[in-house]
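Novice:
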Amino acid sequence: MFKPFAEKAKARLFLSIPLNDLILTSLENYQKKYIKPGLRWLPKENLHITVYFLGNIEISKIEAVVASLRQVFMRGSPFMLLATDIIFAPPKRPRMIWATFAPNPHYETLVKEVACAVSSFVNLKHEQRQPVAHVTLARFKNPILSKKLKLDPWSQEALELSVESLELMASKLLKEGPRYSVIERFSL
189 MFKPFAEKAK ARLFLSIPLN DLILTSLENY QKKYIKPGLR WLPKENLHIT VYFLGNIEIS
249 KIEAVVASLR QVFMRGSPFM LLATDIIFAP PKRPRMIWAT FAPNPHYETL VKEVACAVSS
309 FVNLKHEQRQ PVAHVTLARF KNPILSKKLK LDPWSQEALE LSVESLELMA SKLLKEGPRY
369 SVIERFSL
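Going by the numbering used here, 274 is the number at position 86 of the sequence shown; the sequence numbering is gapless.
Shown next as structure tokens:
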């Protein structure tokens, strides 16, 4: 079939909060306790909190996306997230294991402001539910695994994450799993 026009180049983007070394080490140690068939743990270098998934954005529009996000973060200030639990998610048909953080009004406001700032660039419909700060630790296809596997609590000590920066990430989907690269870093 003849294509008279080449498709516009796009990048698969998301905005994330990087994790500190203490939380990364804690999560890595947690993962080591649950090596089970059918459970695919994400590598340490792919662990982060996804603030907002933008999807496929034309490369020519990335600078405008960055400028819009910069406006949001200029008004923001650092805040803390408190680690809470390890859960199966989503609740109705679990396919993942998440490390969750306590609800935080600063995080919730940030997510809403980011959504508003990038709305003209995004073609995805995002649900209007309360955002949950979480790290995706593992994926699995069979939801029965969530009934067979009992997850221990995450940690006895209080783990806090000081959110001082965010990263606009590009995700390249490969056979061996996604590869992430930082497009832009933003300070709060």
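Glycine included, C-beta positions come from ideal geometry on N, C-alpha and C.
#1: Assign Phe190 to buried or exposed, taking buried as 16 or more other Cβ atoms, counted over all protein chains shown, within 10 Å of its Cβ.
#2: Sort Lys300, Val320, Ile285, Arg200 by Cα distance to Gly264 and report the nearest one.
#3: With a Cβ-Cβ cutoff of 8 angstroms, do Ile247 and Ala197 count as a contact?
#4: Quick one: Cα of Pro309 to Cα of Asp209, how far?
#5: Is there contact between the region 366–376 and the region 207–225, where contact requires at least three CB pairs shorter than 8 angstroms?
#6: Can you give me the C-alpha to C-alpha distance between Arg367 and Gly243, rounded to a whole angstrom?
#7: Considering only residues of the same chain and omitting the five flanking positions on each side of Ala241, which have a CB-CB separation below 6 angstroms?
#8: Would you decide whether Ser353 is buried or exposed? Buried here means 16 or more other CB atoms lie within 10 Å of its CB.
#9: Is DSSP giving Phe309 helix, strand or coil here?
#10: By Cβ distance, which residues of its chain are closer than 7 angstroms to Thr272, with the 5 residues on each side in sequence left out?
#11: Which whole-angstrom value describes the C-beta separation of Val323 and Ile237, a residue pair presumed to lie in contact below a C-beta threshold of 8 angstroms?
#12: What is the rounded straight-line gap between the Cα of Met262 and the Cα of Ser204?
#13: With distance defined between alpha-carbon atoms, name the residue in Pro225, Phe328, Leu347 nearest to Leu207.
#14: Ala194: buried (16+ other C-beta within 10 angstroms of its C-beta) or exposed?
#15: Given a cut-off of 8 angstroms on the beta-carbon distance, is the pair Tyr295 and Ala277 in contact?
#16: Please classify Ser334 as buried or exposed, where buried requires at least 16 neighbouring CB atoms within 10 angstroms.
Specialist: So, to answer that:
#1: Stepping through the sequence shown from its first residue, residue 190 is reached at position 2. Caution is warranted here: a pLDDT of 43 is assigned to Phe190, below 50, making its placement in the model unreliable, and the coordinate value is therefore given only provisionally. Burial call: exposed.
#2: By one-based count along the sequence shown, residue 264 stands at place 76. Among Lys300, Val320, Ile285, Arg200, the Cα nearest to that of Gly264 belongs to Lys300.
#3: As a position in the sequence shown, residue 247 is number 59, starting the count at 1. As a position in the sequence shown, residue 197 is number 9, starting the count at 1. Result yes, Cβ atoms of Ile247 and Ala197 sit closer than 8 angstroms.
#4: Within the sequence shown, the letter at position 121 stands for residue 309. Within the sequence shown, the letter at position 21 stands for residue 209. A small fix is needed here, since residue 309 is Phe in this sequence, not Pro. In a straight line, the C-alpha of Phe309 is about 33 angstroms away from that of Asp209.
#5: Verdict: no, contact absent.
#6: Position 179 of the sequence shown, counted from the first residue, corresponds to residue 367. Position 55 of the sequence shown, counted from the first residue, corresponds to residue 243. Distance from the CA of Arg367 to the CA of Gly243, rounded to the nearest whole angstrom, comes to 15 angstroms.
#7: Residue mapping note: residue 241 aligns to position 53 of the sequence shown, counting from 1. A small correction: the amino acid at residue 241 is Phe; Ala does not occupy that position in the sequence shown. The beta carbon of Phe241 lies closer than 6 angstroms to those of Phe202 in the same chain, with the five residues before and after it left out.
#8: Sequence index remark: in the sequence shown, residue 353 carries index 165 (1-based). With fewer than 16 Cβ atoms within 10 Å of its Cβ, Ser353 is classed as exposed.
#9: Counted from its first residue, the sequence shown places residue 309 at position 121. DSSP places Phe309 in coil when its eight states are reduced to three.
#10: The sequence position of residue 272 within the sequence shown is 84, counting from 1. In chain order, Thr288, Phe289, Ala290 place their CB closer than 7 angstroms to the CB of Thr272, counting only its own chain and leaving out the 5 sequence neighbours on each side.
#11: Position 135 of the sequence shown, counted from the first residue, corresponds to residue 323. Position 49 of the sequence shown, counted from the first residue, corresponds to residue 237. For a cut-off of 8 angstroms, the C-beta gap from Val323 to Ile237 is around 6 angstroms, short enough to register as a contact.
#12: If you number the sequence shown from 1, residue 262 lands on position 74. If you number the sequence shown from 1, residue 204 lands on position 16. Put simply, the backbone Cα of Met262 is about 17 angstroms away from that of Ser204.
#13: For the purposes of this step, residue 207 is taken as the residue at position 19 of the sequence shown. Among Pro225, Phe328, Leu347, the Cα nearest to that of Leu207 belongs to Leu347.
#14: If you number the sequence shown from 1, residue 194 lands on position 6. Any reading at Ala194 must be qualified, since the residue scores a pLDDT of 47, below 50, and its modelled position is unreliable; the value itself is stated next. Burial state of Ala194 is exposed, judged by a 10 Å Cβ sphere holding fewer than 16 other Cβ atoms.
#15: Residue numbering aside, residue 295 sits at position 107 when the sequence shown is read from its first letter. Residue numbering aside, residue 277 sits at position 89 when the sequence shown is read from its first letter. It is not a contact, given that the beta carbons lie outside the stated cut-off.
#16: In the sequence shown, residue 334 corresponds to position 146, counting from 1. So Ser334 ends up on the buried side.
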